[in-house]
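Please read the structure below before turning to the comments.
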Amino acid sequence: MRRLAVLLAAAVALVVVELSVGAIGFGKPKLANPCTDKPAFSGGGLDGEVQRFVLTGLNGAACRLHTTREELVLSFVPAAGTKRVRWDRATIDAALRAGFHRAIEDTEQRGPAGYVIGHLLDVIVGAPLDFLLDVTR
Amino acid sequence: MSGLLPDRRTVLTAAVATSVAVAFADSSIVVLALPDLYGAFDTTIVGVSWVITSYNLVVAVAAAAAALARIDAYRAAQVGLVLFCAASAGCAAAWSLAGLIAFRCVQGLGAALLLASSLALLGGLRGSRARGAALWTTVAVLGAALGPVLGGVLTQLFDWRAIFVVQAPVAAVALLATRGAHALADEPRRRRRRGALAADAALGLVFAALVGALFLAVLLVITVWGLQPITGALVVSALPAATLAVRPLGRDLSPPVAVGGGALLLAAGLAALALLPRVSNALVALALAFCGAGIGLAVPVLTRSSLDAESGLVRSGAITVAARHAGLVLALALVAPLLTGSLDDAGRRALLGGTKEILDANIPIRKKVPIALALRDALERAPRGEVPDLRQPFDDAGARSSSHVREARDDLVTTLESALTRGFRPAFGLAALFALLSIVPAIRLRRAA
Numbered sequence: 658m659r660r661l662a663v664l665l666a667a668a669v670a671l672v673v674v675e676l677s678v679g680a681i682g683f684g685k686p687k688l689a690n691p692c693t694d695k696p697a698f699s700g701g702g703l704d705g706e707v708q709r710f711v712l713t714g715l716n717g718a719a720c721r722l723h724t725t726r727e728e729l730v731l732s733f734v735p736a737a738g739t740k741r742v743r744w745d746r747a748t749i750d751a752a753l754r755a756g757f758h759r760a761i762e763d764t765e766q767r768g769p770a771g772y773v774i775g776h777l778l779d780v781i782v783g784a785p786l787d788f789l790l791d792v793t794r
Numbered sequence: 005m006s007g008l009l010p011d012r013r014t015v016l017t018a019a020v021a022t023s024v025a026v027a028f029a030d031s032s033i034v035v036l037a038l039p040d041l042y043g044a045f046d047t048t049i050v051g052v053s054w055v056i057t058s059y060n061l062v063v064a065v066a067a068a069a070a071a072l073a074r075i076d077a078y079r080a081a082q083v084g085l086v087l088f089c090a091a092s093a094g095c096a097a098a099w100s101l102a103g104l105i106a107f108r109c110v111q112g113l114g115a116a117l118l119l120a121s122s123l124a125l126l127g128g129l130r131g132s133r134a135r136g137a138a139l140w141t142t143v144a145v146l147g148a149a150l151g152p153v154l155g156g157v158l159t160q161l162f163d164w165r166a167i168f169v170v171q172a173p174v175a176a177v178a179l180l181a182t183r184g185a186h187a188l189a190d191e192p193r194r195r196r197r198r199g200a201l202a203a204d205a206a207l208g209l210v211f212a213a214l215v216g217a218l219f220l221a222v223l224l225v226i227t228v229w230g231l232q233p234i235t236g237a238l239v240v241s242a243l244p245a246a247t248l249a250v251r252p253l254g255r256d257l258s259p260p261v262a263v264g265g266g267a268l269l270l271a272a273g274l275a276a277l278a279l280l281p282r283v284s285n286a287l288v289a290l291a292l293a294f295c296g297a298g299i300g301l302a303v304p305v306l307t308r309s310s311l312d313a314e315s316g317l318v319r320s321g322a323i324t325v326a327a328r329h330a331g332l333v334l335a336l337a338l339v340a341p342l343l344t345g346s347l348d349d350a351g352r353r354a355l356l357g358g359t360k361e362i363l364d365a366n367i368p369i370r371k372k373v374p375i376a377l378a379l380r381d382a383l384e385r386a387p388r389g390e391v392p393d394l395r396q397p398f399d400d401a402g403a404r405s406s407s408h409v410r411e412a413r414d415d416l417v418t419t420l421e422s423a424l425t426r427g428f429r430p431a432f433g434l435a436a437l438f439a440l441l442s443i444v445p446a447i448r449l450r451r452a453a
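Shown next, in the form of structure tokens:
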């Protein structure tokens, strides 16, 4: 009887330990709030600046569309089998432009260097973005 | 029987007992081979699951029919072994999924006849009903617990067909052995003793719970975590090892305590599987060890309580077999749609999490874009229901030389595996519920005792 009690206690202890080391949240992706959170990307250099700029733009667009940036990206990948594009073209264009402007503002707020990089990216990315949105319309 | 020398009797007993163990093991023996069958027959998950369900369903129905009919144990064993032997050869040579399922049905019919009649046969070989029933109970527990391990080893060493190739000679040897044996005379049918029905119900629920340990855990480590069958078999072998280890403890406990304690251990082990906090072979093995301990305590007692030789040996054996397999079929019928639904949700969560990992990965954009496109292609190419190989695009992009690419690959794979592992949670939870429910009829067993 005592050995059975020990076995049962060990089994319950295993469940308790699992719960205490994160079983509740395990397997749930922690998606950022696109309206309040900054991109978690930590790369440096020009490549890092460009990626942060694009990710901030995505956040802005997703915030405007009341979704997450991950759902926004996947909605353009049919094989993903997630929700298909559920916005009309004009709404997406407006969201992407809004995201782009938010990215420029965010970059410009990061000191004098950020101000210069933000302006540069506005010139480098802004015109092609307008062109692409017009061409694919 | 009295003319048989002890050594010869031992050999005959071993041959019959092995065939009984194999027939019990067949309920779960192909679980580790399911991915291979899935690929070999280009089918769906539901289609391939019928390789398991069909066998258990036919065993349950045919055993129930055998319990109602009055059959001669010796003849039934011989017919059962012939059918089992021929159907095993047919399964090994099956050319299509439909053919394999058809042969599995015949194999199930043979198994039902063999299992129902083997109680009287083993009683004759061992010299008494009690000793025959004790051996039958032992091989029944071992067969069920060892099934996935045997199947996994054979699948990786040879091929899924090897699982069936080895069964045909086992049945053939047992068939030859039964020619020199006699079954114990069956008792006239009487009303079953009080508590036998409660034991049947508890046995059915325990075996329904076993679907979690024998099927779901194996599917998780093989199809989601990508373990090789032998590695998977090693993890799963914690279950039969624990089943064997607790047998001395079970002998020291009163039947109600052994059943109640066993059911609680099984439920706790399944709950531990449902609440995995990370992808870990060690945690799965530990949880399965508790499941195995629960089986080792509860199943022998329940089988002994269910077997009521006074009401007819064949009838009693057939009812026990029907109860076990009905529990398996019930659980398979409920767990399969539950798992399919929760895995769909888990797949969506996995994609969102995976996309997050790619977007935030600290790798240059000139590598990130080709990796993202290759991942999209891998998703498009993967057959429905199959987890695509998402490591390759990272390896092609230099994961071996770049720690950042390697880290991104590992983060992505961990995110996907974690989300899909979580998708098994409701199904493991349902299996744990079955284990807890088995305590209810076990309480009636106590009153009867």
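Each protein sequence line maps, in turn, to chains W and X.
Take our numbering: the final residue in the first sequence is number 794, and no numbers are missing along the way.
Take our numbering: the final residue in the second sequence is number 453, and no numbers are missing along the way.
Where is the CB? At the ideal position from N, CA and C, for every residue including glycine.
Cβ separation of residue i and residue j, assumed to be a contact under 8 Å, to the nearest whole Å
i	j	result
Ala322(X)	Ala120(X)	4 Å
Ala303(X)	Ala237(X)	Checking the sequence shown, residue 303(X) turns out to be Val, not Ala. Rounded, the Cβ-Cβ distance is 21 Å, inconsistent with contact.
Val283(X)	Thr418(X)	7 Å
Asp393(X)	Ala382(X)	7 Å
Ala356(X)	Leu424(X)	Note that residue 356(X) corresponds to Leu in the displayed sequence, not to Ala. With 8 Å as the limit, Leu356(X) and Leu424(X) do not qualify as a contact, their Cβ atoms being about 13 Å apart.
Ala689(W)	Gly273(X)	The pair is not a contact, with the Cβ atoms about 36 Å apart (cut-off 8 Å).
Simplified DSSP assignment, three categories, for residue i
i	result
Pro455(X)	A query on residue 455(X) cannot be resolved here, the shown segment of chain X reaching from 5 to 453 and no further.
Cys692(W)	coil
Gly23(X)	This sequence places Ser at residue 23(X); Gly is not what is there. If DSSP states are grouped into helix, strand and coil, Ser23(X) belongs with the helices.
Met5(X)	Because the pLDDT of Met5(X) is 47, which lies under 50, any placement of that residue in the model is unreliable, and the number read from its coordinates should be weighed accordingly. If DSSP states are grouped into helix, strand and coil, Met5(X) belongs with coil.
Ile681(W)	coil
Gly433(X)	helix
Asp400(X)	helix
Gln766(W)	coil
Ala289(X)	helix
Ala308(X)	First, the residue type needs correcting, since residue 308(X) is Arg and not Ala in the sequence shown. Helix.
Asn60(X)	helix
Gly131(X)	coil
Ile75(X)	coil
Asn716(W)	helix
Gly136(X)	helix
Leu676(W)	helix
Ile367(X)	coil
Leu41(X)	helix
Asp30(X)	coil
Ser100(X)	coil
Proximal residues of chain W, C-beta to C-beta of residue i below 8 Å
i	result
Val261(X)	Met658, Leu661
Leu292(X)	Under the 8 Å cutoff, chain W gives no residues; its nearest Cβ is about 11 Å from Leu292(X).
Ile304(X)	In the sequence on display, residue 304(X) carries Pro and not Ile. Those within 8 Å of Pro304(X) in chain W number zero; the least Cβ separation is about 15 Å.
Ala435(X)	Neighbours of Ala435(X) on chain W: none; closest Cβ ~14 Å, over 8 Å.
Arg426(X)	Phe683, Gly684, Lys685
Nearest candidate by alpha-carbon position, reference residue i, set the options
i	options	result
Gly700(W)	Leu437(X), Gly127(X), Ala365(X)	Ala365(X)
Pro173(X)	Ile369(X), Leu85(X), Pro152(X)	Leu85(X)
Asp349(X)	Gly300(X), Leu154(X), Arg429(X), Leu383(X)	Arg429(X)
Arg308(X)	Ser23(X), Gln171(X), Ile226(X), Ala206(X)	Ala206(X)
Ala267(X)	Cys295(X), Leu277(X), Arg255(X)	Cys295(X)
Val20(X)	Ala178(X), Ala276(X), Glu361(X)	Ala178(X)
Ile375(X)	Ala386(X), Arg410(X), Leu342(X)	Arg410(X)
Ala378(X)	Pro368(X), Arg395(X), Ser310(X)	Arg395(X)
Asp750(W)	Glu765(W), Ile761(W), Gly714(W), Thr764(W)	Gly714(W)
Gly151(X)	Trp99(X), Ala124(X), Val35(X), Ala68(X)	Val35(X)
Arg413(X)	Leu437(X), Thr22(X), Glu361(X)	Glu361(X)
Ala115(X)	Leu87(X), Leu209(X), Leu342(X), Leu220(X)	Leu87(X)
Ala242(X)	Ile49(X), Ala293(X), Leu437(X)	Ala293(X)
Ala64(X)	Val110(X), Phe168(X), Leu41(X), Leu220(X)	Val110(X)
Ser258(X)	Thr227(X), Val250(X), Leu220(X), Val305(X)	Val305(X)
Leu441(X)	Val15(X), Leu214(X), Ala37(X)	Leu214(X)
Contact set between residue i and chain X, taken where Cβ atoms lie within less than 9 Å
i	result
Phe698(W)	Leu363, Asp364, Ala365, Asn366
Arg726(W)	Thr359, Lys360, Leu363
Leu777(W)	By Cβ distance, chain X contributes nothing, its closest Cβ being about 16 Å from Leu777(W), past 9 Å.
Residues that residue i contacts on chain X, provided the C-beta gap is smaller than 7 Å
i	result
Asp694(W)	Per Cβ cutoff of 7 Å: no residues; Asp694(W) is ~11 Å from chain X at best.
Pro686(W)	Arg353, Leu356, Gly357, Lys360, Thr419, Ala423
Leu664(W)	Leu269, Ala297
Asp704(W)	Pro368, Ile369
Contact with chain B by residue i, beta-carbon distance below 9 Å
i	result
Gly127(X)	Protein chains W and X are contained in the structure displayed, whereas chain B is not.
Proximal residues of chain W, C-beta to C-beta of residue i below 7 Å
i	result
Pro281(X)	Glu675, Val678, Gly679, Ala680, Phe683
Proximal residues of chain X, C-beta to C-beta of residue i below 8 Å
i	result
Leu753(W)	Simply none; closest approach about 16 Å.
Whole alpha helix (DSSP H) elements within the stretch 147-220 of chain X, 4-residue minimum: 164-169, 171-183, 200-215
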